[in-house]
Every structure is written in C-alpha cells, then in structure tokens.
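**Student:**
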Ligand SMILES: Cc1cc2nc3c(=O)[nH]c(=O)nc-3n(C[C@H](O)[C@H](O)[C@H](O)COP(=O)(O)OP(=O)(O)OC[C@H]3O[C@@H](n4cnc5c(N)ncnc54)[C@H](O)[C@@H]3O)c2cc1C
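Residue numbers (full-length UniProt numbering), protein chains in the order written: chain A, 1 to 377; chain B, 1 to 395.
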C-alpha cells in the first residue's frame, strides 16, 4: 500500500510546509482577527502562486490534482501551521462548481485558482444543525429564472466571498434529499444581505439572508432538484480535508506539548519526568496515529463507491472529533496556565481542534450516520 | 444537625434574590457576558447591605454565621437566580487568613474594608517558575528598617486589573529550606514600583495579569503572623476554606440551562434532548452531580462536627471541576454550528450589533474554553491526585 504517499505529494507537502513555516508567524492570527476577512491576502496570493489552491482541483477545470490524497496532503500542512485561510470553503464551493458546472460556470474557477476571487457555499441553515438534506430556503421558478428566499447560517468565508453557491429547495419537504437545487449567486445580487463576523478559531463567516433574490436560469448549477448527491460527495471531500487539517493541528499540539514537558521544570525536574504525564503523552501519540490512519482511510476511498466512501468519511470525522477533543484538553492541561494564553501557539490549535467538531457534523452525528450506513451495507 | 429551618431559609433566600438582582446583572450572567468592575461592585454592595456578603465569616466579623447547609442552599439559589459570583480573594481567602492569623490592628483595619468594597484583593502566589511547585517562589522581600523591599514577579493574578491590594507569598529567608523561608505579605498596589500587565487568554478575555514588583516598599505592619511562617498560613487556606470548591451551585444551574438548550435545539426534527445519545450524556453528568452534592454535604457535616476536612477538599476539587467541565462541554456541543462564531462581542455592552444565532449559544464555546482553567488553578487535578495518593492511600 502507498497510503497516498507519492513523490509528487511529498514535494507538495515539503514546499507548503516550508512556505508556511517561513511566512506564518503565530502573532499573525491575532492581527488577522481584526480584519474583515479574517485572513491574510498575502498568504492567499502566495498559496495560489505555489499552486496550492490548484492542487485541490482536477486538471479538467484548471487544477493540478483534486484526488483525496492531494486534498489530505495540503490540509495536513495547513493544520500544522494553524492557518485560517478559507481553503476549505474554496474546496467545498469550488468542488460543486467543478462537478456540476456548465462551461460558463466552470470559468468561475480560473480566478479562484489564481487567488483573485473568493467563493463560499451557503448550505447550513439556522435549524439544519449538521443535516445535509435540511433545506428550507426555497427557489420559486419564474419566467426569467428563480427567486430565492430563506436564511443561511455560519457560511464559512461568507464575509469575504465574491460569489456564493446557494442551496435551495425547488420541491419536496424540508428534510428530503430530493428537491434540492444549487444556484450560483453574486454577493451583490439584490435582496441578498450578509451579517459578517469572525470565527472564534480565525477566519470569517456570515449569516446570509435571501429576501426574494432574483437570479437568471443560467444561475442554476447542475440539474434541477437533484443536487443532493453532489453535495454529499463534496461534503465528503471537505470532511476529508478538515480531518487532515485536524491531524496536522494534532501533530503540532503534540509536538509543542512534548517539547514543553521536556523543558518546564517543577519540583527540580522537567515535568515530563512525572509518569502521570508521560503515559498521557503516550496516549496522545497513539491518538494521533489513529487519526492519521482514519484520514488515510477517508482519502483513499473518496473516489470509491458511495457507501464505502461515506462510511470511511463518517468514521474519520467521528474519530477525529473524539481524539481532537482529548488532545486539545490534555495538551492544555499538561501545559498548565501557559497553555491557556493567547500569545502561546498551543491555544490556537486547542481551539481549532474543538471547533472542527462543529463543522460538517460532530462526533455524535457521524457516529449515528456510520451506524445507519452500516445497516444498509 | 442544627435547629435551622432550612425550608424557610431557602424561601427567604429566593425572595431576596428575586428582588435584589438588577435585570442588567441577571442578563449578563445568563448570557455569559463579561462583568465590568462596576457590575461586581454593584452586587457586592447589595449583598453587604443585606449582611449576606461574607457567607463563611463568623458573625463577630460581620459574617452571616451560616452553617454549611445554609451556605450550600444559598450557593445553589444564587446560581439559579443568575447572581454574579462574589470575587473570592477578599471574602473567601483574605478574610479567613486575617481572622485566623492577623493581629487585632490588621483585623480592625482590613476586615471592614473588604466588606465595604474599599479594598479589592487579588492573590499573588504563582510565579512564572513557581506553579504547582509553589514553594519554589522567588519574589523576595528584604527587611530595610521598618519596611520590606519587594522585588520580583507574580503571574496569573486574577482580576489584578481591578484590585488595589494583593496578598503575596514572598521569600524572606533565601537560605532556609524552600517552604521555610516564605512570608505572607499584604501589599498596597498603589505603592510605587507595582505594575500590572494583562495576559490574554484563549477565550479572548483578559482576566489574568502579571504583577511586577520593582523595589516596592511595604511597611512591616503588613506582615501576617510571623516572618518565614507564610507557608503554614497558605496551607491552612488550601485545606480549610474551600467552601465553594465543589461548585455544586454552578453545576446545578448550568445543567438546568443545558437541559433547556437541549429542548430548544432540533436534531432530525426532534428536540436534541430526545436524542438517546445526548440524553444519556446529560443523564450521566446529572447522576455524577447528584452524588457529588451528597459528598459535599457529607464533608460539610464532618466539618460541622469538628473534624478537619482534610483530603475531601482535594476530592471535591477533582470531581467538582470535572463535572463543571463536562457540562460546559455538552453545552458547546448542544449549540452545534453556532459554537463557531465569535458572537459574544456582538452582545456586549455598547455594541448594537445584531445577535448571531440563538442568544444562549453566544457564550457556549467561550465558557468551555475559559473553564479549562478549573482543573489547572487552585492546585491542578494532578497535584490534588498526588495529595490524595500520598495522604490517604499512603502510596
Ligand atoms: C485562569 C487562571 C487564573 C489563575 N489565578 C491565579 C491567581 O489569582 N493567583 C495565583 O497566585 N495563581 C493563579 N493561577 C495560577 C495557578 O494556580 C497555576 O496555573 C497552577 O498552580 C499551575 O501552575 P502552572 O500553570 O505553572 O503549571 P505547572 O505547575 O508548570 O504544571 C504543568 C503541568 O504539569 C503538571 N504537574 C506539575 N507537577 C506535577 C507532578 N509532580 N506530578 C504530575 N503532574 C505535575 C500540572 O498538573 C500541569 O498539568 C491561575 C491560573 C489560571 C490558568
């Protein structure tokens, strides 16, 4: 088995790690928190130039990769460096455009891959929690196109996006998988309003209100009422990405903590000499390795059949949710007070690991999903 | 036990809280908004007027003289009513130390000023190099005529930005064994050479500080007890005055709030509270809390009958903080995607920003992150375990 580890991917990850190590300082995140987009325009341009955005997309749409392992390779490094740039949202929204777009729509991706335009996927709603089929926002067909009405919540990169992919119901009941359609909507469309805000772990999001937004027929992305399968597939790739990001964050939290246990002296010796901490550090190491394997499983099956893919993805998100919490809490605890300070890098990774569980389904959600998928296997 | 009518007491407490708390304070506590200095002072003054500020002081010093059961009832009701917590450094720490080890002049001067709010105390124990190993502290006080000259640095000092007095452990004998050269010194923070610098924590708040001392001259009258005996006094405080350590009131109120949130949040078209997995998690922590509340009462009874609490306080600290953290964890999970926005700022005073998501979600993550401190400060969980394994199990 290769576990996705090819020469090309190793070069990609080395290059990205070097770039981020040189350009991503810890104090940068707190400075970025003050800005509207919550992320760095220079880093974004740098990532585009290095081909990192392109690595998330296939050659067909102007990228250089797009496979499960390309995605996990990139996101592990992003997680390790603690970046807050909106690559996840780019992958999610961009993936849908790549999979479903007609020629004109696909052209939207070139400036995205070049780092010139920002995109987001507005799917979650105030009542949807983690349910991908919960869509109340509706699209009424008109002579000229569609009228969108509804509310979208916690839309990642929603504050910075130029173009938003919006899901809306064209038929069926609130939680039906059938009847969901996608639309490509520019943010300046009349009737679309955003309430932008910062996320606790960096980057931006927005609440989006759609108050009778009129879009032309050409805004429809993919077939009418049949977007669910594509959404589920792209959610799977986004989940693989965020799990890989969590893995990188775990590695970093682990490394910081091991280093601290070796240097912090109390009672006349390094605290790492206390067995009460040693064994817990070992548990963390095991957790990280388990997480790595779960990410490999997900990435490896991303292009496979639906049932296997979805089980692997839910398995990974559940395992990452559980171990992410444990690692976050244990690393802070074993640091003592210093682990809670904003100034010290660990606090970012601790926060990120917890909040990743609140994106694209938490550990419980994916546990129940894994069980349900197992029944239909 | 005693002749107190606890039901009547509870009724009286409820009635008082219902009248005394302003909407502003209640709302801030309910939403988890940061408390300003003025907010703290408002509640402090109301309690002092009522005579209910010093719940663990004897009547002769202006305390309530309540027994353990009354204190527990008050704590539970105050938390349920969304009353702010009383900052512990003056009332729960400095007061008992003065009453036990202070001289008459010190008692007469300091105790009334704790009550009337003139003095806001903070606790200067920890240093960058002295956390769990507190006795290795280095801040030194050198006698110079009728003053001590203090040099060094304290850290993690909670709410020092509001305080005007700090009680410190300082090294007065650099040659003695480490526990034996420590003294307990009271320092007026307006003295030249004292500097407070804020530390930002991972929840975005600045509740802790560094406190620096540069040739700070402290009158010798501000020494508590004997020179070089400070460690004994500090230890007394750790084992005897941990009235609130189990946090039963907080856990009880937070669990009730969690259940209400779980009723409002929907999962697959049903209340989250009806999801068997989530319901089980809430039930387990409730079961733990019920047992711990009784452990707490058992300890209170033991103390009332004249026995020293001993390791029970370590046990209650470990279990009590675990339960509080578990409830915080379930609360942030309950709010789902709305745990992610940095939404507390929007609700804060003076900001007219619109709320993001349901109001109960705004502080869920912040509280969860902030309360990671519970198992770190006041003797970490690891340190408490070492105490128990040594002194109870004899390992
Ligand atoms: C929010 C907050 C508020 C605080 N407020 C105050 C305050 O007002 N005044 C004040 O004086 N202090 C305060 N503290 C400081 C607090 O008491 C210390 O953080 C605590 O004593 C731990 O010390 P440390 O942070 O230096 O961690 P360390 O002592 O360096 O410990 C690091 C880790 O090692 C573990 N460890 C240490 N020794 C052992 C051992 N022998 N065996 C096993 N494990 C061990 C610890 O449990 C911890 O997990 C506060 C701390 C926080 C986080």
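Positions of the beta carbon are idealized from the N, C-alpha and C atoms, including for glycine.
Going by C-alpha distance, which of A:135, A:46 and A:305 is nearest residue 167 (chain A)?
**Tutor:** Taking the first residue of the first chain as 1, we reach residue 167 (chain A) at position 167. Of the listed residues, the one whose Cα sits closest to residue 167 (chain A) is A:135.
**Student:** Could you name each continuous alpha helix (DSSP H) segment of 4 residues or more that falls completely within the segment 191-276 of chain A, going from the start of the chain to the end?
**Tutor:** Correct list: 228-263.
**Student:** Is there a C-beta anywhere in chain A that falls below 8 Å from the one on residue 88 (chain B)?
**Tutor:** Residue 88 (chain B) sits at position 88 when you count from the first residue of the second chain. Chain A contact via Cβ: absent.
**Student:** Just verifying my parser: in three-state terms, what is the DSSP assignment at residue 380 (chain B)?
**Tutor:** The residue you call residue 380 (chain B) lines up with position 380 of the second chain. Coil, per DSSP.
**Student:** Which chain A residues are close to residue 382 (chain B), counting only those with a beta carbon under 7 Å from its beta carbon?
**Tutor:** Along the second chain, read from residue 1 onward, the residue named residue 382 (chain B) stands at position 382. Those within 7 Å of residue 382 (chain B) in chain A are 276.
**Student:** My output table needs one value for residue 96 (chain B): the three-state DSSP class, helix, strand or coil.
**Tutor:** Numbered from its first residue, the second chain carries residue 96 (chain B) at position 96. Correct three-state label for residue 96 (chain B): helix.
**Student:** Residue 266 (chain B) CB to nearest chain A CB: under 8 Å?
**Tutor:** Within the second chain, residue 266 (chain B) is the residue found at index 266, counting from 1. Yes - at least one Cβ of chain A is within 8 Å of the one on residue 266 (chain B).
**Student:** Leaving out five residues before and five after residue 255 (chain B) in sequence, what residues of the same chain have Cβ atoms less than 8 Å from its Cβ?
**Tutor:** Position 255 of the second chain, counted from the first residue, corresponds to residue 255 (chain B). Same-chain partners within the cutoff: 282, 285, 286, 289 and 327.
**Student:** What whole-angstrom Cβ distance do residue 194 (chain A) and residue 179 (chain A) have, given they're in contact under 8 Å?
**Tutor:** As a first step, residue 194 (chain A) must be located in the first chain, where it is residue number 194. As a first step, residue 179 (chain A) must be located in the first chain, where it is residue number 179. Actually they do not touch by this definition, with Cβ atoms about 26 Å apart.
**Student:** With burial defined as no fewer than 16 other Cβ atoms inside 10 Å of the residue's Cβ, what is the status of residue 110 (chain A): buried or exposed?
**Tutor:** If you number the first chain from 1, residue 110 (chain A) lands on position 110. So residue 110 (chain A) ends up on the exposed side.
**Student:** What does a CB cutoff of less than 6 Å around residue 173 (chain B) pick up in its chain, not counting 5 residues either side in sequence?
**Tutor:** Sequence index remark: in the second chain, residue 173 (chain B) carries index 173 (1-based). Once the five neighbours on either side are set aside, the close Cβ partners of residue 173 (chain B) are 181 and 228.
**Student:** Output, in sequence order along the chain, the residues in the segment 191-202 of chain A whose CB is closer than 9 Å to any CB in chain B.
**Tutor:** Of all residues in the segment 191-202 of chain A, 195, 197, 198, 199, 200 and 201 have a Cβ within less than 9 Å of some Cβ in chain B.
**Student:** By a C-beta neighbour count over all protein chains shown, 10 Å radius and 16 as the cutoff for buried, is residue 51 (chain B) buried or exposed?
**Tutor:** Locating residue 51 (chain B) in the second chain gives position 51, counting from the first residue. By the 10 Å Cβ count, residue 51 (chain B) comes out exposed.
**Student:** Should residue 392 (chain B) be flagged as near chain A, meaning a C-beta pair shorter than 8 Å?
**Tutor:** Working through the second chain from its first residue, we reach residue 392 (chain B) at position 392. Answer no: the Cβ-Cβ gap between residue 392 (chain B) and chain A never drops below 8 Å.
**Student:** Per DSSP, which residues does residue 253 (chain B) bridge with? Please list them.
**Tutor:** Residue mapping note: residue 253 (chain B) aligns to position 253 of the second chain, counting from 1. Answer is none; residue 253 (chain B) lacks a bridge partner.
**Student:** Should residue 154 (chain B) be labelled buried (16 or more other beta-carbon atoms within 10 Å of its own) or exposed?
**Tutor:** Residue 154 (chain B) sits at position 154 when you count from the first residue of the second chain. Per the 10 Å Cβ criterion, buried.
**Student:** Keeping to the same chain, check which residues put their C-beta closer than 8 Å to that of residue 15 (chain A); ignore five residues upstream and five downstream.
**Tutor:** If you number the first chain from 1, residue 15 (chain A) lands on position 15. Same-chain partners within the cutoff: 50.
**Student:** State yes or no: is the C-beta of residue 202 (chain A) within less than 8 Å of the C-beta of residue 84 (chain A)?
**Tutor:** Looking up residue 202 (chain A) in the first chain gives position 202. Looking up residue 84 (chain A) in the first chain gives position 84. Against a cut-off of 8 Å, the Cβ pair of residue 84 (chain A) and residue 202 (chain A) comes out as a contact.
**Student:** Please identify the residue among B:244, B:192, B:213 and B:93 whose C-alpha is closest to the C-alpha of residue 316 (chain B).
**Tutor:** Reading the second chain from its first residue, position 316 is the one you call residue 316 (chain B). For residue 316 (chain B), the nearest C-alpha among the options comes from B:244.
**Student:** Under 7 Å: does the beta carbon of residue 389 (chain B) sit that close to some heavy atom of ligand 1?
**Tutor:** Taking the second chain and counting its residues from 1, one reaches residue 389 (chain B) at position 389. No; taking the cut-off as 7 Å, the Cβ of residue 389 (chain B) has no heavy atom of ligand 1 nearer than that.
**Student:** Is residue 277 (chain B) helix, strand or coil by DSSP?
**Tutor:** As a first step, residue 277 (chain B) is located in the second chain; it is residue number 277 there, counting from the start. DSSP places residue 277 (chain B) in helix when its eight states are reduced to three.
**Student:** Could you give the uninterrupted runs of the beta strand (DSSP E) lying entirely in the segment 154-226 of chain B, keeping only those of 3 residues or more?
**Tutor:** Listed in chain order, the complete beta strand (DSSP E) runs (minimum 3 residues) inside the segment 154-226 of chain B are 165-171, 182-188, 194-199 and 208-219.
**Student:** If you draw a straight line from the alpha carbon of residue 123 (chain A) to that of residue 100 (chain A), how long is it in whole angstroms?
**Tutor:** Locating residue 123 (chain A) in the first chain gives position 123, where the first residue counts as 1. Locating residue 100 (chain A) in the first chain gives position 100, where the first residue counts as 1. Answer to the nearest angstrom: the Cα atoms are 16 Å apart.
**Student:** Step through the CB atoms of chain C and report whether any lies within less than 8 Å of the CB of residue 267 (chain A).
**Tutor:** Absent from the structure is chain C; the protein chains it does hold are A and B.
**Student:** Flag residue 378 (chain B) as yes if its beta-carbon sits less than 8 Å from any beta-carbon of chain A, otherwise no.
**Tutor:** As a first step, residue 378 (chain B) must be located in the second chain, where it is residue number 378. It does not; no Cβ of chain A falls within 8 Å.
**Student:** Give the straight-line distance between the Cα atoms of residue 65 (chain A) and residue 48 (chain A), rounded to the nearest whole angstrom.
**Tutor:** Here residue 65 (chain A) corresponds to residue number 65 of the first chain, with the count starting at 1. Here residue 48 (chain A) corresponds to residue number 48 of the first chain, with the count starting at 1. So the alpha carbons of these two residues sit roughly 14 Å apart.
**Student:** Does residue 22 (chain A) get closer than 8 Å to chain B when you measure Cβ to Cβ?
**Tutor:** Stepping through the first chain from its first residue, residue 22 (chain A) is reached at position 22. It does not; no Cβ of chain B falls within 8 Å.
**Student:** Report the three-state DSSP secondary structure of residue 117 (chain A) (helix, strand or coil).
**Tutor:** Translated into the one-based positions of the first chain, residue 117 (chain A) becomes position 117. The answer is coil: DSSP assigns residue 117 (chain A) none of H, G, I, E or B.
**Student:** Taking CB distances under 8 Å as the criterion, tell me whether residue 205 (chain A) reaches chain B.
**Tutor:** Translated into the one-based positions of the first chain, residue 205 (chain A) becomes position 205. Yes, residue 205 (chain A) lies at the interface with chain B (some Cβ there is under 8 Å from its Cβ).
**Student:** Does the segment 312-320 of chain A come close enough to the segment 288-303 of chain A that 3 or more CB-CB pairs lie under 8 Å?
**Tutor:** Touching, per the Cβ criterion.
**Student:** Just to confirm before moving on: does the CB-CB distance between residue 249 (chain B) and residue 76 (chain B) stay below 8 Å?
**Tutor:** Numbered from 1 along the second chain, position 249 holds the residue referred to as residue 249 (chain B). Numbered from 1 along the second chain, position 76 holds the residue referred to as residue 76 (chain B). Yes, the Cβ-Cβ distance between residue 249 (chain B) and residue 76 (chain B) is below 8 Å.
**Student:** Roughly how many angstroms lie between the CA atoms of residue 337 (chain A) and residue 34 (chain A), to the nearest whole one?
**Tutor:** To locate residue 337 (chain A), count along the first chain from 1; it is residue 337. To locate residue 34 (chain A), count along the first chain from 1; it is residue 34. Their backbone Cα atoms lie some 25 Å apart in a straight line.
**Student:** Which one or two residues does DSSP pair with residue 148 (chain B) in a beta bridge?
**Tutor:** Residue numbering aside, residue 148 (chain B) sits at position 148 when the second chain is read from its first letter. For residue 148 (chain B), which the question treats as bridged, DSSP gives the partners B:143 and B:218.
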